[in-house]
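There are 2 protein chains.
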Amino acid sequence: MRRASTRLATASDSVTIRDVAARAGVSVATVSRVFNRKGPIRPATYQRVLAVAERMRYSPHAAARSLSTSRTNTIGVVLPELHGEFFSEVIRGIDVTARSRGYHLIVSGSHSDRAEMRAVFQAVRGRVDGLIVMSPDLDASTLLADLPGGVPVVLLNATADGRPAITIDNAGGARAVTRHLIKLGHRRIAFICGPPKNGDAAQRRRGYRAAIRAAGIDDALEFPGNFTEESGYEAARRIVERSPRPTAVFAANDAMAIGALSAFNARGVRVPADIALAGFDDIPIARFLSPPLTTVKVPIAELGRRSLELVLNPSPRKVNEVLKTTLTVRQSCGSEEESR
Amino acid sequence: MRRASTRLATASDSVTIRDVAARAGVSVATVSRVFNRKGPIRPATYQRVLAVAERMRYSPHAAARSLSTSRTNTIGVVLPELHGEFFSEVIRGIDVTARSRGYHLIVSGSHSDRAEMRAVFQAVRGRVDGLIVMSPDLDASTLLADLPGGVPVVLLNATADGRPAITIDNAGGARAVTRHLIKLGHRRIAFICGPPKNGDAAQRRRGYRAAIRAAGIDDALEFPGNFTEESGYEAARRIVERSPRPTAVFAANDAMAIGALSAFNARGVRVPADIALAGFDDIPIARFLSPPLTTVKVPIAELGRRSLELVLNPSPRKVNEVLKTTLTVRQSCGSEEESR
DNA sequence: CCCGCCGCTGTAAACGGTTACATTCGACCG
DNA sequence: CGGTCGAATGTAACCGTTTACAGCGGCGGG
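Written out as structure tokens, the structure reads:
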């Protein structure tokens, strides 16, 4: 169809398994077996085929292979967006394990609305062997209906009925930070929220509230935010104006903490001398901020690694794995003596 | 092979174009035409096929389609690594345009050595329609030999013989920053280098040196670095110890500038009061640092966008497109009066 | 000496689409 | 009213693999 019926090497045309077989004086089956290390092959034949293939610069056609084996050796990663260090780290975690397992990664971000997600799920058949889906903003179970059956799916930071999922201990981490601030003597602790419909954000707020209440502090000081630096900046602006001014701020993620830090500095409010600041995620640059940011370490790369492993061999056992978070104390909250 | 010869819908088995055709009472050709909007189809038929396909939850098998059309609607992105905001932004730029063009993205990072690259290039046949390669550390022309012919390739931040490439004006940007520092009165301007074999890094150093020399300053103060925050931190540590101490520091990228800023703060060296600091890239958080970082804006997302477009319709015309960089002055270098 | 078996290799049928070419069927025109 | 033409659809070859099954020597055992 695309090639003249007389099989003359059309120079630029790509070389197929048939070309290699002909040149090596064997059948296509033998060449296939050599490349897949299947079945018994006489060493001499093996070497010859390999040599010929090398010389002809043959490499197997992935799509043809997929069609025949119904395996693609690639897995799909769909994220709500690709912006920021958090997602960058997630992808990296998945990527390194994928490579070590011989898998490829097809990523796609910016899936805020349902229609987009649907389009993506339509395109998976014959393209990926499994899916890692991170969609904290949406009700996870509603979108599951859209994807074709038989595709293993692992949810990241979201749960849904029977689907395997990997989540992080958001509430526990948030409680730990808040308790840390309380232990330092703070009573007026502001919280910068994440996006309203974001599951992670909601759990972190839950942890914050629980710790606040357990300490007998009645009013939670919550400020809206949406996980971006800008929103953190804006929230901090409003926090400093508030009177009595909060003595500590806990941002629901590091990006917002960075924004807040920027706002504080711009207004001459010193951290931690004038106000304590904490974040969540422990993205790589957190320790390079000035002052280094006290935050909650979530094993981001590990998150990626585990999800890849789970999607490759879906275990019928534990369907929900929750990763521990750990409080990482640096200098942005000061120490006990210097807090009031 | 995988399915009993009697075509009985095995429930969980995926539905093929043949199943849809049978159910709709048409031939596979018609179904195919409906899905591809090819050829004349009677409206009634069109609707019926679509309805049946919808009801049966049919979606075309990507691999089969690729095999037949020899197009995958996927393009590959290979990066040296995935760490940090810079790469994150590049991917994002490519991703958004890819989606709008109906293309998928298969990414892979961590390709420092040649063998890894080779393995990747082996795997492209039948998997992608084109390749966007960013490999500043390696001699680009040497690795081109490895990939199969016929695959369009666009190089990012690297050039090689006849290959189309998109690069940024590194030298120009570096010259602009350095001149800016000189104009502010600085004479002892330190430069934190990038990785030794990195092309971008080399060009930035060239720009720095040119500006220094043009101003009649004879000795360039260069400190090693490798584009990581850590290396910037380390370099800054050595810079403050040097006497006479430099009055300004130009880091070859923002990540190192962040590291340097951290080191300065840890030692009580104030920026910009005690020392001026500038970076390169203008990654998103640069403006949220304290103080906001003066840097060189490179249109990262644009870089991704253009490369995607170029790989989709390779123009035989201009093979090397160089993107302008612009000096972005913030507060990390102070203003004229307060510098000495 | 014959037979069965085993190690190696070849033949050909899938996999699930696309599309060149053939076919059918009205409508329309001379 | 027969022929032509175009629109709508069907048939089947083909894309490049994998793999079940068949074939074919040679060898050892009975």
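Residue numbers (my numbering), protein chains in the order written: chain D, -2 to 337; chain W, -2 to 337. Here a beta-carbon is modelled for each residue, glycine too, at the ideal position from N, C-alpha and C.
- Look at the beta carbons and you see the region 31 to 46 of chain D not touching the region 67 to 79 of chain D: under three pairs across the two are nearer than 8 angstroms.
- Under the three-state reduction of DSSP output, residue 277 (chain D) falls in the coil class, being neither helix nor strand.
- Taking one beta carbon from each stretch, the region 310 to 325 of chain D and the region 96 to 106 of chain D have fewer than 3 pairs nearer than 8 angstroms; the two do not touch.
- In the DSSP annotation of this structure, residue 167 (chain D) is not part of any beta strand (DSSP E); the continuous alpha helix (DSSP H) holding it starts and ends at 167 to 180.
- At a C-beta separation below 8 angstroms, residue 291 (chain D) has no neighbours in chain W, since its nearest C-beta there lies roughly 15 angstroms away.
- Close to residue 107 (chain D), with beta-carbon spacing below 9 angstroms, are these residues of chain W in chain order: 89, 92, 93 and 96.
- Boundaries of the beta strand (DSSP E) around residue 72 (chain D): 71 to 75.
- Secondary structure of residue 301 (chain W) (DSSP, three-state): helix.
- Under the 10 Å beta carbon count, residue 231 (chain D) is surrounded by 16 or more other beta carbons and is classified as buried.
- Boundaries of the alpha helix (DSSP H) around residue 91 (chain W): 82 to 97.
- For the C-beta of residue 102 (chain W), the chain D residues within less than 8 angstroms are, from N- to C-terminus, 103, 104 and 105.
- Contact between the region 76 to 83 of chain D and the region 106 to 126 of chain W is absent: fewer than three C-beta pairs spanning the two stretches fall below 8 angstroms.
- The C-beta of residue 80 (chain W) comes closer than 8 angstroms to at least one C-beta of chain D.
- Taking C-beta separations shorter than 6 angstroms and ignoring five residues to either side along the sequence, the partners of residue 302 (chain W) in its chain run 90 and 94, following chain order.
- Residue 127 (chain D) is a Cβ neighbour of residue 150 (chain D), given a cutoff of 8 angstroms.
- If you check the CB distance, residue 247 (chain W) and residue 186 (chain W) come in under 8 angstroms.
- When DSSP states are grouped into helix, strand and coil, residue 51 (chain D) belongs to the helix group.
- Under the three-state reduction of DSSP, residue 220 (chain D) is assigned to strand.
- For residue 226 (chain D), a Cβ of chain W is located within less than 8 angstroms of the residue's own Cβ.
- Annotated three-state conformation of residue 186 (chain W) is strand, per DSSP.
- For the pair residue 208 (chain W) and residue 176 (chain W), the Cα-to-Cα distance works out to about 6 angstroms.
- Distance from the CA of residue 307 (chain W) to the CA of residue 157 (chain W), rounded to the nearest whole angstrom, comes to 16 angstroms.
- Under the three-state reduction of DSSP, residue 272 (chain D) is assigned to coil, being neither helix nor strand.
- If you draw a straight line from the Cα of residue 130 (chain D) to the Cα of residue 220 (chain W), it comes to about 43 angstroms.
- The shortest CA-to-CA distance from residue 56 (chain W) to any of W:38, W:238 and W:32 is the one to W:32.
- Secondary structure within the region 18 to 51 of chain D: not one fully enclosed beta strand (DSSP E) run of 3 or more consecutive residues is present.
- The C-beta separation of residue 288 (chain W) from residue 269 (chain W) comes to about 6 angstroms, placing the pair in contact by the 8 angstroms criterion.
- For the options D:60, D:34, D:49 and D:39, the alpha carbon positioned closest to that of residue 15 (chain D) is the one of D:49.
- Against chain D, the CB of residue 145 (chain W) has a partner CB under 8 angstroms away; the residue lies at that interface.
- As DSSP reads the structure, residue 247 (chain D) sits in a beta bridge with D:188 and D:275.
- Residues of chain W whose Cβ lies closer than 7 angstroms to the Cβ of residue 123 (chain D) are, in chain order, 58, 59, 60 and 61.
- Between residue 201 (chain D) and residue 191 (chain D), the beta carbon gap of about 7 angstroms places them in contact (Cβ cut-off 8 angstroms).
- Per DSSP, reduced to three states, the secondary structure at residue 318 (chain D) is strand.
- When rounded, the separation of the alpha-carbon atoms in residue 310 (chain D) and residue 148 (chain D) is 12 angstroms.
- Looking at the backbone, the Cα of residue 327 (chain W) and that of residue 242 (chain W) are separated by about 23 angstroms.
- For residue 196 (chain W), the enclosing alpha helix (DSSP H) has its first and last residue at 196 to 211.
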